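*Asks:* Note that the protein sequences, when read in sequence, are chains A and B.
Going by full-length UniProt numbering, the residue at position 15 of the first sequence is 15; the numbering climbs one at a time, nothing skipped.
Going by full-length UniProt numbering, the residue at position 18 of the second sequence is 18; the numbering climbs one at a time, nothing skipped.
Even for Gly, the Cβ is constructed at its ideal location relative to N, Cα and C.
Given the structure is predicted, the values throughout are model-derived calculations rather than measurements.
There are 2 protein chains.
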Amino acid sequence: MSRGTRSGRPSEARTRLLGTATRIFYAEGIHSVGVDRIIEEAQVTRATLYRHFTGKEELVLAYLDQADQGMRAQITGARAPDAAPEDDVRAVARAIADGIRSPGFRGCAFLNAVAEYPDPDHPVHRAVLAHRQWFLETVTELLGRAGIEPADAAGRHFVMLRDGAMAAGCLFDPELVCETFLHGVESLLTGGAAASRA
Amino acid sequence: MSRGTRSGRPSEARTRLLGTATRIFYAEGIHSVGVDRIIEEAQVTRATLYRHFTGKEELVLAYLDQADQGMRAQITGARAPDAAPEDDVRAVARAIADGIRSPGFRGCAFLNAVAEYPDPDHPVHRAVLAHRQWFLETVTELLGRAGIEPADAAGRHFVMLRDGAMAAGCLFDPELVCETFLHGVESLLTGGAAASRA
DNA sequence: TCTGAGGGAGAACGTTCGGTCTCCTTCGAT
DNA sequence: ATCGAAGGAGACCGAACGTTCTCCCTCAGA
């Protein structure tokens with residue numbers, strides 16, 4: 001999918017371009033930033049952009065693809081090979097909470113993107129759907145391994161909590177959001193016996 | 001706030017304008033639709049738009065204000081004066097679920113809007129925050145009346161489920177989303193004893 | 001040594017953007 | 001009867017949009 005340099009790997013200008021696009025798209029949205037902003041901050045010329053990408057849309061898709069890969073790495077990194085399955089779920093939840101608490105958090109890149117691309121047939125919209133499908137399946141499998149039944153309902157519940165936490169994380173107090181989220185995940189794991197903590 | 005006709009109420013052109021803007025903004029986003037589209041579909045002229053609104057931004061604010069009023073009406077309408085407090089919560093949840101299931105549902109107008117206006121100082125962003133604050137307080141009060149303690153934590157939990165449901169409602173199967181949401185609300189009300197239904 | 005891709009610099013393309021303007025008509029209230 | 005707001009029709013503005021183009025330089029691989 002990524003058409004880098006003919007001879008070998010990424011190309012420095014392309015890396016700078018994609019990195020800058022990622023930072024700006026995530027922080028400010030997609031439709032509201034023009035290619036001029038991106039090429040300026042990436043310190044490349046207009047021609048360089050269009051040598052590596054067919055247009056802005058492909059840049060957006062590359063941005064989401066990078067975010068997708070980052071999240072996959074984050075999740076596989078959070079799982080411990082010899083831990084209890086429930087602890088893998090907790091680790092994933094903790095990783096999500098850490099992201100929400102981190103400075104510069106601006107919500108879920110995919111939920112933000114899909115808000116700007118409502119058309120279900122649009123490539124960007126489809127990329128979001130594909131990512132979410134993978135995430136749901138991954139979480140469901142993790143919960144099933146942890147013995148939570150029915151696993152698919154639990155997976156949907158987990159994703160719903162996550163979506164709500166990601167959406168509210170940059171609109172409310174992130175600490176309270178994370179507390180609520182982790183609490184919800186815990187009661188999902190223990191079957192609702194975690195209503196003790198404030 | 002609404003500067004309608006000098007002599008009396010709304011003015012028909014203004015109503016058409018706001019209705020069209022509401023429909024298009026909700027269905028397609030804000031930045032990606034221009035004023036030309038709106039004045040064309042509202043069948044008014046350019047001058048008429050700028051006679052009733054100072055610019056596009058004020059039109060966006062009016063759109064969100066209308067959505068806010070609609071939701072307030074929906075919630076006060078869902079509450080029954082002589083019902084048990086928990087049933088008021090259930091009624092609100094059911095109203096939300098009905099919205100998600102309805103055709104043309106495209107997520108939460110406020111979450112969608114704030115994804116396009118990340119700047120916390122922007123009037124549109126602030127309008128979203130104000131709406132969400134009202135909603136959180138309203139739900140928290142309802143839950144407190146129902147005897148759910150601590151009410152503020154329960155309110156945040158409810159809002160988190162709602163946000164997740166609204167976000168996923170137009171990306172997954174709405175039926176499953178609603179089922180998951182209502183199930184989550186029920187277990188919030190009964191203290192986690194609602195893990196029986198599939 | 002040559003060749004061709006990568007990249008810089010920048011002009012230019014046509015389109016759309018949000019917004020302002022003038023001119024004319026309708027119509028209700030004073 | 002008249003005055004002024006509401007509205008239609010449409011020209012117009014400068015700016016930004018995404019995109020394509022030419023020209024030149026550099027540098028690594030064949």
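Taking all protein chains shown into account, do 16 or more other C-beta atoms lie within 10 angstroms of the C-beta of R46 of chain B, making it buried, or fewer, making it exposed?
*Replies:* In the second sequence, residue 46 of chain B corresponds to position 46, counting from 1. Burial call: exposed.
*Asks:* Report the rounded CA-to-CA distance for Q74 of chain A versus I96 of chain A, giving the unit in angstroms.
*Replies:* The sequence position of residue 74 of chain A within the first sequence is 74, counting from 1. The sequence position of residue 96 of chain A within the first sequence is 96, counting from 1. Straight-line Cα distance between these residues: approximately 9 Å.
*Asks:* Pull up the distance between the alpha-carbon of G99 of chain B and that of L143 of chain B, whole angstroms please.
*Replies:* Position 99 of the second sequence, counting from 1, holds the residue named residue 99 of chain B. Position 143 of the second sequence, counting from 1, holds the residue named residue 143 of chain B. G99 of chain B and L143 of chain B: Cα-Cα distance of roughly 21 Å.
*Asks:* Which class does L64 of chain B belong to by DSSP, given the choice of helix, strand or coil?
*Replies:* Along the second sequence, one-based indexing puts residue 64 of chain B at 64. Looking at L64 of chain B - three-state DSSP - the assignment turns out to be helix.
*Asks:* Near H125 of chain A, which residues of its chain fall below 8 Å by C-beta distance, leaving aside the five closest residues on each side in sequence?
*Replies:* In the first sequence, residue 125 of chain A corresponds to position 125, counting from 1. The residues are V114, Y117, P118 and D119.
*Asks:* Is DSSP giving I148 of chain B helix, strand or coil here?
*Replies:* Residue numbering aside, residue 148 of chain B sits at position 148 when the second sequence is read from its first letter. Three-state result, I148 of chain B: coil.
*Asks:* I need the straight-line Cα distance from T22 of chain A to R145 of chain B, nearest angstrom please.
*Replies:* Your numbering for residue 22 of chain A matches position 22 in the first sequence. Your numbering for residue 145 of chain B matches position 145 in the second sequence. Their backbone Cα atoms lie some 45 Å apart in a straight line.
*Asks:* For the region 67-133 of chain A, which segments carrying the beta strand (DSSP E) assignment without a break, of at least 3 residues, lie completely within its bounds, in sequence order?
*Replies:* The qualifying runs do not exist here; there are none.
*Asks:* Tell me, please, whether the region 175-191 of chain A touches the region 35-49 of chain B by the rule of three or more beta-carbon pairs shorter than 8 Å.
*Replies:* Too few Cβ pairs lie closer than 8 Å, so no.
*Asks:* Measure the CB-CB distance between F181 of chain B and A165 of chain B and report whether it falls below 7 Å.
*Replies:* Counting from 1 along the second sequence, the entry for residue 181 of chain B is found at position 181. Counting from 1 along the second sequence, the entry for residue 165 of chain B is found at position 165. Yes, the Cβ-Cβ distance between F181 of chain B and A165 of chain B is below 7 Å.
*Asks:* Note down, in chain order, every chain B residue with its Cβ under 7 Å from the Cβ of S102 of chain A.
*Replies:* For the purposes of this step, residue 102 of chain A is taken as residue 102 along the first sequence, with counting starting at 1. Within chain B, no residue comes near S102 of chain A; the closest Cβ sits about 16 Å away, beyond 7 Å.
*Asks:* Compare the C-alpha of A154 of chain A against each of B:R79, B:R162 and B:G184 and name the closest.
*Replies:* As a first step, residue 154 of chain A is located in the first sequence; it is residue number 154 there, counting from the start. Closest option to A154 of chain A, Cα to Cα, is B:G184.
*Asks:* Using 10 angstroms around the beta-carbon of D173 of chain A, count the other beta-carbons present and answer buried if the total reaches 16, otherwise exposed.
*Replies:* Taking the first sequence and counting its residues from 1, the one referred to as residue 173 of chain A is at position 173. That one is exposed.
*Asks:* Does the Cβ-Cβ distance between A67 of chain B and A109 of chain B come in under 7 Å?
*Replies:* Locating residue 67 of chain B in the second sequence gives position 67, where the first residue counts as 1. Locating residue 109 of chain B in the second sequence gives position 109, where the first residue counts as 1. Yes, the pair counts as a contact, with Cβ atoms nearer than the cut-off.
*Asks:* Tell me whether I100 of chain B counts as near the ligand MN, meaning its Cβ is closer than 6 Å to at least one heavy atom of that ligand.
*Replies:* No copy of the ligand MN occurs in the structure displayed, which carries no ligand at all.
*Asks:* Which class does A168 of chain A belong to by DSSP, given the choice of helix, strand or coil?
*Replies:* As a first step, residue 168 of chain A is located in the first sequence; it is residue number 168 there, counting from the start. Three-state DSSP puts A168 of chain A in a helix.
*Asks:* For a test of the three-state rule: what should DSSP assign to P10 of chain A, helix, strand or coil?
*Replies:* If you number the first sequence from 1, residue 10 of chain A lands on position 10. P10 of chain A: coil per DSSP, three-state reduction.
*Asks:* Please compile the residues from chain A whose C-beta is within a distance smaller than 8 Å of the C-beta of E141 of chain B.
*Replies:* The sequence position of residue 141 of chain B within the second sequence is 141, counting from 1. Neighbours of E141 of chain B on chain A: none; closest Cβ ~17 Å, over 8 Å.
*Asks:* Spatial neighbours of T48 of chain A within its chain, please: C-beta separation below 6 Å, excluding the five flanking residues on both sides.
*Replies:* Position 48 of the first sequence holds residue 48 of chain A. Within the same chain, T48 of chain A has close Cβ partners A13.
*Asks:* Quick check: what's the CA-CA separation for Q43 of chain B versus T140 of chain B?
*Replies:* For the purposes of this step, residue 43 of chain B is identified with residue 43 of the second sequence, where counting begins at 1. For the purposes of this step, residue 140 of chain B is identified with residue 140 of the second sequence, where counting begins at 1. Roughly 43 Å between the two C-alpha positions.
*Asks:* Just confirm the distance between the C-beta atoms of L18 of chain A and Y50 of chain A, as a whole number of angstroms; I'd bet it's less than 8 Å.
*Replies:* Walking along the first sequence from the start, residue 18 of chain A turns up at place 18. Walking along the first sequence from the start, residue 50 of chain A turns up at place 50. So it is not a contact: roughly 14 Å between Cβ atoms.
*Asks:* Determine whether the beta carbon atoms of L61 of chain B and A127 of chain B lie at a separation below 7 Å.
*Replies:* As a first step, residue 61 of chain B must be located in the second sequence, where it is residue number 61. As a first step, residue 127 of chain B must be located in the second sequence, where it is residue number 127. Yes. Within cutoff.
*Asks:* Could you tell me how far apart the beta carbons of G104 of chain A and G169 of chain A are, in whole angstroms, since I believe they sit closer than 8 Å?
*Replies:* Within the first sequence, numbered from 1, the residue matching residue 104 of chain A stands at position 104. Within the first sequence, numbered from 1, the residue matching residue 169 of chain A stands at position 169. G104 of chain A to G169 of chain A, Cβ: 12 Å. No contact.
*Asks:* N112 of chain A and G29 of chain A look like a contact to me (Cβ under 8 Å); what is the Cβ gap, rounded to whole Å?
*Replies:* Position 112 of the first sequence holds residue 112 of chain A. Position 29 of the first sequence holds residue 29 of chain A. N112 of chain A to G29 of chain A, Cβ: 7 Å. Contact.
*Asks:* Does the beta carbon of H131 of chain A sit closer than 7 Å to a beta carbon anywhere in chain B?
*Replies:* For the purposes of this step, residue 131 of chain A is identified with residue 131 of the first sequence, where counting begins at 1. Judged by the 7 Å Cβ criterion, H131 of chain A is not in contact with chain B.
*Asks:* By Cβ distance below 8 Å, which residues in the same chain neighbour T76 of chain A in space, the five residues on each side in sequence not counted?
*Replies:* Along the first sequence, one-based indexing puts residue 76 of chain A at 76. Closer than 8 Å at the Cβ level, and outside the excluded window around T76 of chain A, lies no residue.
*Asks:* Which whole-angstrom value is the C-beta distance of M71 of chain B and L161 of chain A, which I expect to be below 8 Å?
*Replies:* Counting from one through the second sequence, the residue named residue 71 of chain B turns up at place 71. Counting from one through the first sequence, the residue named residue 161 of chain A turns up at place 161. Actually they are not in contact, since the Cβ atoms of M71 of chain B and L161 of chain A sit about 22 Å apart, beyond 8 Å.
*Asks:* What three-state label does DSSP hand V44 of chain B in the structure shown?
*Replies:* To locate residue 44 of chain B, count along the second sequence from 1; it is residue 44. If DSSP states are grouped into helix, strand and coil, V44 of chain B belongs with coil.
*Asks:* Just to confirm my understanding: we take F25 of chain B, look at its own chain, exclude 5 residues before and 5 after, and list those with CB closer than 6 Å. What are they?
*Replies:* As a first step, residue 25 of chain B must be located in the second sequence, where it is residue number 25. For F25 of chain B, where only same-chain residues beyond five positions count, the Cβ hits under 6 Å are Y63.
*Asks:* Taking the Cβ atom as the reference point for each residue, do R79 of chain A and D88 of chain A lie within a distance shorter than 7 Å?
*Replies:* Numbered from its first residue, the first sequence carries residue 79 of chain A at position 79. Numbered from its first residue, the first sequence carries residue 88 of chain A at position 88. Yes, these two residues count as a Cβ contact at 7 Å.
*Asks:* Got a sec? Which residues, its chain only, sit under 6 Å from L59 of chain A by beta carbon, not counting five neighbours each side?
*Replies:* Against the first sequence, residue 59 of chain A aligns to sequence position 59. For L59 of chain A, where only same-chain residues beyond five positions count, the Cβ hits under 6 Å are A21 and F53.
*Asks:* Counting along the chain, where does the alpha helix (DSSP H) carrying G184 of chain A start and finish?
*Replies:* Here residue 184 of chain A is taken as the residue at index 184 of the first sequence, counted from 1. That run of the alpha helix (DSSP H) goes P174 to T190.
*Asks:* In three-state terms, what does DSSP make of I30 of chain A?
*Replies:* By 1-based counting over the first sequence, the position of residue 30 of chain A is 30. Reduced to three states, the DSSP call for I30 of chain A is coil.
*Asks:* Helix, strand or coil for P53 of chain A per DSSP?
*Replies:* For the purposes of this step, residue 53 of chain A is identified with residue 53 of the first sequence, where counting begins at 1. Just to set this straight, residue 53 of chain A is Phe in the shown sequence, not Pro. F53 of chain A falls in the coil class under three-state DSSP.
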